[in-house]
Amino acid sequence: RGGGGRGGGRGSRSSSSRSSYSGGKKSSVKSKLAKAAVIGAVAYGGYQLGKATARFGHWSHQGWGFNDWNRWREQDGHLCRNNNDCNWLDRNLQCEDYELDFSVSRAWYGGDFAAIVGECECQGGMQWNDYELQCQVQQFGGLMTALIVVLVFAVLGCCCCGFFCWFCRR
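End of the sequence shown sits at 176 in my numbering; the numbers just go up one at a time, nothing left out.
Right, here's the structure in full:
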């Protein structure tokens with residue numbers, strides 16, 4: 007799943023993470039979230055730290071600071087209790103309900119680790135960009151580009167064959 011959630015830094019993932027939220031009803035069966043699949047469990051550079059720190063100051067939190075949250079995030083990913091734990095970083099992040107398949111730090115949210123229900127993810131098919139720390143609309147991927155190139159060459163090939171056949175009949 008994707009969003010700041012997962013949507014950044016799962017295992018050997020690129021700068022974007024996937025988000026498959028479709029806006030429909032949630033299933034009554036919880037998906038399991040494995041530690042290797044969490045979003046945001048990556049070290050941020052100076053650029054990301056500056057952006058996240060500025061946004062953190064506008065979030066209503068109690069008893070812990072940015073360095074605490076950042077340490078928990080690096081260890082376990084961007085876990086959440088509700089949407090407020092997500093959308094301070096990006097308004098398109100939401101808290102997706104998962105059954106965690108790993109033990110989280112007991113320090114999360116000032117000891118309120120038992121209230122964690124899942125991970126922050128981008129909504130509406132958007133993808134998390136770990137560099138810009140925001141949900142973004144999906145761009146054409148390499149597969150789509152390759153498909154378009156093959157299609158163009160196929161059409162050109164058919165046109166050339168048609169012209170060749172027409173020319174030979176004359």
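Even glycine gets a Cβ: it sits at the ideal position worked out from N, Cα and C.
For clarity, every value in this text was computed on a predicted model and none was experimentally measured.
inquiry  = Considering just the uninterrupted stretch of the alpha helix (DSSP H) at D82, what are its terminal residues?
reply    = F72 to D82
inquiry  = By alpha-carbon positions, which one of Q54, R176, N73 and C126 ends up nearest to G83?
reply    = C126
key: Straight-line gap, V35 to A120 (C-alpha atoms, nearest Å)   = Its pLDDT being 47, under 50, V35 is placed unreliably by the model, and nothing is read from it.
request  = Return helix, strand or coil for C103, following the three-state DSSP convention.
outcome  = According to the sequence as given, residue 103 is Asp; it is not Cys. In the structure shown, D103 sits in a strand (DSSP, three-state: E or B).
ask   = In terms of residues, what are the limits of the beta strand (DSSP E) holding Q129?
value = No beta strand (DSSP E) contains Q129, which DSSP labels as neither H nor E.
query = By a C-beta neighbour count over all protein chains shown, 10 Å radius and 16 as the cutoff for buried, is N90 buried or exposed?
reply = exposed
inquiry  = G71 and N98 - do their beta-carbons sit closer together than 8 Å?
reply    = no
query = By how many angstroms is the C-alpha of G117 removed from the C-alpha of V123?
reply = 14 Å
inquiry  = Quick check on the DSSP output: the alpha helix (DSSP H) that includes Q54 runs from which residue to which?
reply    = G52 to F62
key: With 16 other Cβ atoms within 10 Å as the buried cut-off, status of D107   = exposed
key: Top-ranked residue by Cα proximity to E102, from N93, F62 and A160   = N93
ask   = Under 8 Å between the Cβ atoms of Q144 and N135?
value = no
request  = Could you tell me the boundaries of the alpha helix (DSSP H) in which W114 lies?
outcome  = W114 to G117
query = Per DSSP, C86 forms a beta bridge with which residues?
reply = G124
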